[in-house]
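Quick note on our numbering: the sequence shown kicks off at 171 and runs consecutively.
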Amino acid sequence: MSTAFHWPILLQRVNGNQALARRLLTTFFIDHGDFSATLAHSDPAQGRLLLHRMGGTAANLALPQLAEACGQGEALAAAACDRQATPWRDCLETLQQRFLTARAEVEDLLSTLAETQPTNPATTPADAPIDAQDQAVRLAGLLAASDLAALTVGEEWARTMPPGDGVTAVLSAIRALDFATAATLLHTETACHD
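This is how it looks when you write it as structure tokens:
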């Protein structure tokens, strides 16, 4: 198994939804593709926040080496390390190398999956909207497992639902990492729309 990327772990976190995993990974690498330039032009507090978010997302996406490097960078930024000092430059070099390694491994895996998966015209494309019931089932499973992927799936579920206080309450509980309350609210909300 790769040490830069753990596909089975990510797949478990998204309840086997390969399309969701693919979208999350693609979005991550697009959103953070220029992190070095962003860090170079940010103050230490902004740099720390970027590295914190990037590291947390990398950890959730089963990119442990990149998450670790982000944590080291975050610690240096928190200590207001001189951007010209060797520790900071070494950290940025490690971050860049781990980012590129992780992206290459992800791209290799995703291209292999695309080549080996049979094409079925009856299946929905990866970018097709997923209905509210499917999202609610996925979300309930993630909440039961206290899985952080519930943050992303919760947002996707909310987009499939009519706006209202119940949807807002579910999202608020998820964002507060109160998965038990979110599960109860989700059950109530989906029962109202059945």
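Heads up, the beta-carbon is just placed ideally off N, CA and C, and yes, glycines get one too.
Review point. Do you know offhand how far T289's Cα is from A328's?
Key: In this predicted model, T289 has a pLDDT of only 41, less than 50, meaning its place in the structure is not dependable enough to derive any value.
Review point. With contact counted as at least three CB pairs below 8 Å, one residue from each stretch, are the segment 349-357 and the segment 304-321 in contact?
Key: With the cut-off at 8 Å, the segment 349-357 and the segment 304-321 touch.
Exercise for review: Check whether the segment 208-222 touches the segment 315-325, counting contact only when three or more Cβ pairs, one atom from each stretch, lie closer than 8 Å.
Suggested key: Touching, no, given that fewer than three Cβ pairs across the two stretches are closer than 8 Å.
Practice item. Please classify S281: does DSSP put it in a helix, a strand, or coil? Key: Under the three-state reduction of DSSP, S281 is assigned to helix.
**Study point:** Start and end residues, alpha helix (DSSP H) containing L181
**Key:** First-last of the alpha helix (DSSP H) with L181: 177-183.
**Study point:** Start and end residues, alpha helix (DSSP H) containing Q235
**Key:** 234-248 is the extent of the alpha helix (DSSP H) around Q235.
Exercise for review: Could you check the C-alpha separation between R345 and L321 for me, to the nearest Å?
Suggested key: Between the alpha carbons of R345 and L321 lies a gap of roughly 7 Å.
Exercise for review: Can you say whether H211 is buried or exposed, counting buried as having 16 or more other CB atoms within 10 angstroms of its CB?
Suggested key: H211 comes out exposed.
Check your understanding: Would you call the CB atoms of A241 and C261 closer than 8 Å?
Key -> The displayed chain sequence assigns Gly, not Ala, to residue 241. G241 places its beta carbon 8 Å or farther from that of C261.
**Study point:** Endpoints, alpha helix (DSSP H) assigned at D201
**Key:** Element bounds for D201: 188-201.
Check your understanding: Which class does P333 belong to by DSSP, given the choice of helix, strand or coil?
Key -> The answer is coil: DSSP assigns P333 none of H, G, I, E or B.
Exercise for review: Could you name the residues of the same chain whose beta carbon sits closer than 7 Å to that of T366, not counting the 5 residues immediately before and after it, in chain order?
Suggested key: The question about residue 366 has no answer, for the chain in this structure spans 171 to 364.
Check your understanding: Helix, strand or coil for L355 per DSSP?
Key -> Taken through DSSP and simplified to helix, strand or coil, L355 comes out as helix.
Check your understanding: Between T196 and the ligand MG, is the CB less than 7 Å from at least one heavy atom?
Key -> In the structure on display, the ligand MG does not appear, and there are no ligands present to speak of.
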